[in-house]
Amino acid sequence: MNIQEKSRYHEVHARSLRDPQGFWGEAALDIDWIEPAKKIFDPGMGLYGRWFTGAVVNTCYNALDRHVAGGRAEQVALIHDSPLSGSVTKFTYAQLLHEVKTLAAIMQDFGVVKGDRVILYMPMVPEAVVAMLACARIGAVHSVVFGGFAAKELATRIEDAKPKLIFSASCGLEPGRIVQYEPLLDEAIRLSSVKPEACVILQRPRQSCELTAGRDHDWAELRSKAVAAKKSADCVPVLATDPLYILYTSGTTGKPKGVVRDNGGHLVALKWSMFNLYGVKPGEVWWCGSDIGWVVGHSYIIYAPLFHGATSIMYEGKPIGTPDAGAFWRVISEHKAVAFFTAPTAFRAIKKEDPEGRCIRQYDLSKFRTLFLAGERADPPTVEWAEQQLKVPVIDHWWQTETGWCIAGNPIGLGMLPVKHGSPTVPMPGYQVDVVDEAAKPLPAGSMGSIVIKLPLPPACLPTLWEQDARCREAYFNEFPGYYKTSDAGYKDEDGYVYVMGRTDDIINVAGHRLSTGGMEEILASHPDVAECAVLGIKDAIKGEVPCGFLVLKAGVTRNSAEVEKDVVALVREKLGPVAAFKLAITVGRLPKTRSGKILRGTIKKIADGDPWTMPATIEDPKVLDEIGDALKERA
């Protein structure tokens, strides 16, 4: 019997499309409702229908209270592991609930009520988790903005969300530097016409800050007084269709796009995913190595593992440099994590520093079962390296801020399907994924086109954008009627496996030939000396566009970079043929990335084309763009 014959995936997925109300109604039995839904799905509500209409629920209750009442009070809920501050802190479900009840009461003292918005501008600290859950407890709508985000970008989010309260901290920690938050927060509030009524500031031991009189309040002082007074807030009932949070998509310019997440559908889909997709059981230790500023951090550091009764690791560190390329294996070994979810870029960084995997063999990973990758395309050479080194399944999966959970993946809990390198496998229950042409006509297997999802979207996906229904229709639903536009390009094979080759604007047109830069990146990454790479189309007077590849070499490579560049040009010619017109490869020290690890291909392209560009708000290190510009000038 092969792997596929053991899997329940096909029957489960087919049922989810044939009988979505029955399927999700059954999944909803795993949630504690105050009042059940009047309708599992109401097609007449919202832009394309709404899930669990009429139901009343509380997200925080499902994350904490019910586990404390149900026997998990003394189980560890959250492990905060911070090599940057040199500390490991653990919270049981009972301890976390106490902290959340206390902070929720403090918020109520500030006049925060159901429906009010609260912005979090926080580092990766446990207090951020407490604040998010406290918002959920009293029905406030939280919006997390990546700690250390530029003041101008924070200001646009304050302007849009109109928060009554802001939670922040004195600083964030990065390898070798401290990022002061208070000056950025001050400037953002100055720039915004909307002013919060108050800010609650966590003073971190590494560096404190001056509080603004009349506006700022010391977090520890407020907590100490509230604990002494035994203040505590009960759960506030909300509708399943009420917003839980707003999350602004990264790289947004102008008026930001605030993706709305509701309470009910989010609870049902995320709880379902923890075992069925990730194969994690209640009580087991799970680690999502993201940041709370991104959707992955919302869904799988905080909400899903706590809904499920698992133990979640929150990590304040990097894959390398805190202190070395063994950082991830130390955390997995020390806390006995059974599964780990991170971005492919993290693995490329580790592979570059430790190509032989020596650090991996220094740790006991006997409890570790599965590695999950998402956030950008997982190139086959990186997946293969991880498989060889870790000797566990390496599962690529694909999803977006807008969906809140996986669109296509390999369902470990339903029975793992065969892995095909380069594919995040198959659509998850509730998702009908099609590949279509410009007229929204489905294309045959193997044909490159726009990847779309048939409406209605499953639970947890965005119902709309914050106070922008018309913009939501325009951005996601109008171009392909009856579908949600993912803005990703790719194809499906004969077995229904999805291949996401890049954003639709990553398909380049070389003298009339549509070519995928993702496919070229796969070829470059297969070279034994290449740690990571990026391919993009740059302007060409004759062909319209030609591909240009940027290479980062592995640590310890002694060959001349020009030789490697010559190799990869020949490799692309061999694999794709001369039609690809791939003649330019440039070796650089590093690639410019967002703080979530995505390569800033669009910005590199503008620099290469000589077009005007602005510094991306999400960039990790602005100096890298200067290095890219210098490398391009050398080749000009």
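In this text, residue positions in the sequence shown follow our numbering: the first is 398, and each later residue adds one. Quick reminder that beta carbons are idealized off the backbone N, C-alpha and C, glycines included.
(request) Can you give me the start and stop residues for the alpha helix (DSSP H) that Arg-1032 sits inside? (result) Your numbering for residue 1032 matches position 635 in the sequence shown. That run of the alpha helix (DSSP H) goes 1020 to 1032.
(message) Quick check: what's the CA-CA separation for Val-961 versus Asp-926?
(response) Taking the first residue of the sequence shown as 1, we reach residue 961 at position 564. Taking the first residue of the sequence shown as 1, we reach residue 926 at position 529. Going by the C-alpha atoms only, they are around 7 Å apart.
(request) Compute the beta-carbon to beta-carbon distance between Leu-997 and Ile-983, rounded to the nearest angstrom, for a pair I have assumed lies under 8 Å. (result) Sequence index remark: in the sequence shown, residue 997 carries index 600 (1-based). Sequence index remark: in the sequence shown, residue 983 carries index 586 (1-based). The pair is not a contact, with the Cβ atoms about 16 Å apart (cut-off 8 Å).
(request) Would you check if the distance between the CB atom of Leu-500 and the CB atom of Phe-488 is smaller than 8 Å? (result) Taking the first residue of the sequence shown as 1, we reach residue 500 at position 103. Taking the first residue of the sequence shown as 1, we reach residue 488 at position 91. No; because the gap between Cβ atoms is not below 8 Å, this pair is not in contact.
(message) Quick check on Lys-622 - is its C-beta less than 8 Å from some C-beta in chain C?
(response) Protein chain content of the structure displayed is limited to a single chain, and chain C is not contained in it.
(request) Return the residue from the list Arg-574, Val-833, Ser-589, Asp-583 that minimises the CA-CA distance to Gln-604. (result) Here residue 604 refers to the residue found at position 207 of the sequence shown. Of Arg-574, Val-833, Ser-589, Asp-583, the residue nearest in Cα terms is Arg-574.
(request) Leaving out five residues on either side along the sequence, give the residues of the same chain with a beta carbon under 8 Å from the beta carbon of Glu-618. (result) Taking the sequence shown and counting its residues from 1, one reaches residue 618 at position 221. The answer is none, since no qualifying residue turns up.
(request) Label Asp-831 either buried or exposed according to how many other C-beta atoms from any shown protein chain fall within 10 Å of its C-beta, with 16 as the threshold for buried. (result) Within the sequence shown, residue 831 is the residue found at index 434, counting from 1. Counting Cβ neighbours within 10 Å, Asp-831 comes out buried, since at least 16 surround it.
(message) What residue range does the beta strand (DSSP E) around Tyr-490 cover?
(response) Along the sequence shown, read from residue 1 onward, the residue named residue 490 stands at position 93. It is not in any beta strand (DSSP E) - Tyr-490 instead sits in the alpha helix (DSSP H) that spans 490 to 506.
(request) Please list, in chain order, all residues of the same chain as Tyr-490 whose beta carbon is under 7 Å from its beta carbon, the five residues on each side excluded. (result) Taking the first residue of the sequence shown as position 1, residue 490 is located at position 93. Once the five neighbours on either side are set aside, the close Cβ partners of Tyr-490 are Leu-461, His-464, Val-465, Arg-469, Ala-470, Gln-472, Ala-474.
(message) In the DSSP assignment, the alpha helix (DSSP H) including Pro-395 goes from what residue to what residue?
(response) Residue 395 is absent from the structure shown; the chain starts at 398 and stops at 1033.
(message) Taking the beta strand (DSSP E) that Ala-928 belongs to, which residues open and close that run?
(response) Looking up residue 928 in the sequence shown gives position 531. Here the beta strand (DSSP E) through Ala-928 covers 927 to 937.
(request) Return helix, strand or coil for Lys-851, following the three-state DSSP convention. (result) Counting from 1 along the sequence shown, the entry for residue 851 is found at position 454. Strand.
(request) Give a yes or no on contact between the stretch 782 to 801 and the stretch 709 to 719, applying the rule of three or more CB pairs nearer than 8 Å. (result) no
(message) Please list the terminal residues of the continuous beta strand (DSSP E) segment that includes Arg-766.
(response) Residue 766 sits at position 369 when you count from the first residue of the sequence shown. Counting along the chain, Arg-766 falls outside any beta strand (DSSP E), and DSSP gives it neither H nor E.
(request) Spatial neighbours of Tyr-406 within its chain, please: CB distance less than 8 Å, with the 5 preceding and 5 following residues excluded, ordered by chain position. (result) Counted from its first residue, the sequence shown places residue 406 at position 9. For Tyr-406, where only same-chain residues beyond five positions count, the Cβ hits under 8 Å are Pro-808, Leu-811, Gly-812, Leu-814, Val-823.
(request) With DSSP as the reference, label Ser-479 as helix, strand or coil. (result) In the sequence shown, counting from the first residue as 1, residue 479 sits at position 82. Reduced to three states, the DSSP call for Ser-479 is strand.
(message) Please return the same chain residues whose Cβ sits closer than 7 Å to the Cβ of Glu-919, not counting the five positions on each side in sequence.
(response) Here residue 919 refers to the residue found at position 522 of the sequence shown. Here the set comprises Asp-776, Pro-777, Gly-819.
(message) According to DSSP, simplified to helix, strand and coil, what is Trp-1010?
(response) Within the sequence shown, residue 1010 is the residue found at index 613, counting from 1. Trp-1010 falls in the coil class under three-state DSSP.
(request) Give the DSSP-derived three-state secondary structure of Ser-413 in the structure shown. (result) Taking the first residue of the sequence shown as position 1, residue 413 is located at position 16. Residue state, collapsed to three classes: helix.
(request) Measure the C-alpha to C-alpha separation of Leu-644 and Leu-517 and round it to an integer number of angstroms. (result) On the sequence shown, residue 644 is found 247 positions in, with the first residue counted as 1. On the sequence shown, residue 517 is found 120 positions in, with the first residue counted as 1. Using only the alpha carbons, I get a separation of about 11 Å.
(request) Can you say whether Val-1021 is buried or exposed, counting buried as having 16 or more other CB atoms within 10 angstroms of its CB? (result) Sequence index remark: in the sequence shown, residue 1021 carries index 624 (1-based). Burial call: buried.
(message) Can you look up Leu-636 in the DSSP assignment and give me helix, strand or coil?
(response) Position 239 of the sequence shown, counted from the start, is the residue given in the question as residue 636. It is a strand residue.
(message) Going by DSSP in three states, Glu-408 sits in which element: helix, strand or coil?
(response) As a first step, residue 408 must be located in the sequence shown, where it is residue number 11. Of the three classes helix, strand and coil, the one that applies to Glu-408 here is helix, per DSSP.
(request) Could you spell out the range, first to last residue, of the alpha helix (DSSP H) harbouring Gly-916? (result) Locating residue 916 in the sequence shown gives position 519, counting from the first residue. Unbroken alpha helix (DSSP H) run through Gly-916: 914 to 922.
(message) Can you tell me whether Leu-1029 is buried or exposed? The criterion is at least 16 other CB atoms within 10 Å of its CB, across all chains shown.
(response) The residue you call residue 1029 lines up with position 632 of the sequence shown. Under this definition Leu-1029 is a buried residue.
(message) Going by the DSSP bridge assignment, what does Cys-606 pair with across the sheet?
(response) Residue mapping note: residue 606 aligns to position 209 of the sequence shown, counting from 1. The partner list for Cys-606 (beta bridge, DSSP) is empty, contrary to what the question assumes.
(message) With H, G and I counted as helix, E and B as strand and the rest as coil, what does DSSP make of Tyr-1094?
(response) Not covered by the structure: residue 1094. The range shown for the chain is 398 to 1033.
(request) Please confirm whether Lys-515 and Lys-561 have their CB atoms less than 8 Å apart. (result) On the sequence shown, residue 515 is found 118 positions in, with the first residue counted as 1. On the sequence shown, residue 561 is found 164 positions in, with the first residue counted as 1. Per the sequence shown, the amino acid found at residue 515 is Val instead of Lys. Cβ distance < 8 Å, so Val-515 and Lys-561 count as in contact.
(request) Starting from the Cα of Tyr-896, find the closest Cα among Met-504, Lys-511, Pro-741, Gly-806 and give me that residue. (result) The residue you call residue 896 lines up with position 499 of the sequence shown. Among Met-504, Lys-511, Pro-741, Gly-806, the Cα nearest to that of Tyr-896 is on Gly-806.
(request) Could you say which of Thr-991, Pro-634, Gly-772, Lys-628 lies nearest to Leu-494 if we only look at CA atoms? (result) For this step, residue 494 is matched to residue 97 along the sequence shown. Ranking Thr-991, Pro-634, Gly-772, Lys-628 by Cα distance to Leu-494 puts Lys-628 first.
(message) I need the straight-line Cα distance from Ser-565 to Ile-939, nearest angstrom please.
(response) Counting from 1 along the sequence shown, the entry for residue 565 is found at position 168. Counting from 1 along the sequence shown, the entry for residue 939 is found at position 542. Each residue's alpha carbon lies about 52 Å from the other.
(request) From the DSSP output, in three-state form, read off Tyr-675 for me. (result) For the purposes of this step, residue 675 is identified with residue 278 of the sequence shown, where counting begins at 1. Coil at Tyr-675, not helix or strand.
(message) Given this structure, state the Cα-to-Cα distance separating Arg-412 from Thr-742, to the nearest angstrom.
(response) Taking the sequence shown and counting its residues from 1, the one referred to as residue 412 is at position 15. Taking the sequence shown and counting its residues from 1, the one referred to as residue 742 is at position 345. Straight-line Cα distance between these residues: approximately 35 Å.
(request) Would you kindly report the start and end of the unbroken beta strand (DSSP E) that includes Thr-739? (result) One-based indexing of the sequence shown puts residue 739 at position 342. That run of the beta strand (DSSP E) goes 736 to 739.
(request) Flag this pair as yes or no: are the beta carbons of Ile-850 and Asp-885 separated by less than 8 Å? (result) Taking the first residue of the sequence shown as position 1, residue 850 is located at position 453. Taking the first residue of the sequence shown as position 1, residue 885 is located at position 488. Their beta carbons are not under 8 Å apart, which means Ile-850 does not touch Asp-885 by this criterion.
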